[in-house]
Ligand SMILES: [Zn+2]
């Protein structure tokens, strides 16, 4: 099965629109994709606003419309390509360095919360938790993958945990 569970679109910092993403993966025979544009912790948000930078992310205010747009495209993806599109989000916390993919998310989860609270909030929605790009570094600091693992273990009755493995050091 061909799947990709971490995709950004023009809704945030991606290069392709949602329509173009669906066509790209659909034409390449993918079975399942999840669109996971980021939502940001309040410190990154405030910093970007202060510096006059583009927000390049989904805001709390946009969240419902974002999900609606994804569900609409999910219908087309299924009809045209027999491809399952699952609405998701990348919960981005750069202060404590965890990026969490929440697949099949239904409600906004505040990225500024503790990792335990985030994972609890995601699991209460029966969404899937994935540690995003655990190998990536930010200003030379490692992603806080252990915190995500611990928080998932505390919710183990419902936890599903996936992680990309890599042997390369970047
Ligand atoms: Zn990320």
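In the working numbering, the protein residues as written are 18 to 187. Beta carbons: idealized from backbone N, C-alpha and C, even for Gly.
Q: List the residues that DSSP assigns as beta-bridge partners of residue 105.
A: 120
Q) Below 8 Å between beta carbons: does that hold for residue 120 and residue 29? A) no
Q) What runs of the alpha helix (DSSP H), each 4 residues or longer, lie entirely inside the segment 45–69? A) 59–67
Q.
Report the CB separation of residue 108 from residue 56 in whole angstroms; it is logged as a contact under 8 Å.
A. 6 Å
Q. Do the CB positions of residue 26 and residue 33 come within less than 8 Å of each other?
A. yes
**Q.** residue 126 and residue 138 closer than 8 Å at C-beta
**A.** yes
Q) Touch check for the segment 90–106 and the segment 59–70: three-plus C-beta pairs under 8 Å? A) no
Q: With DSSP collapsed to three states, give me the class of residue 145.
A: strand
Q. Bridge partners of residue 24, per DSSP?
A. 52
Q) Where the beta carbon is closer than 5 Å to any heavy atom of ligand 1, which residues qualify, in chain order? A) 116 and 149
(Q) Which residue wins for smallest C-alpha separation from residue 58, given the options 75, 129 and 39? (A) 129
Q | Residue interval of the alpha helix (DSSP H) (run including residue 93) | A | 80–98
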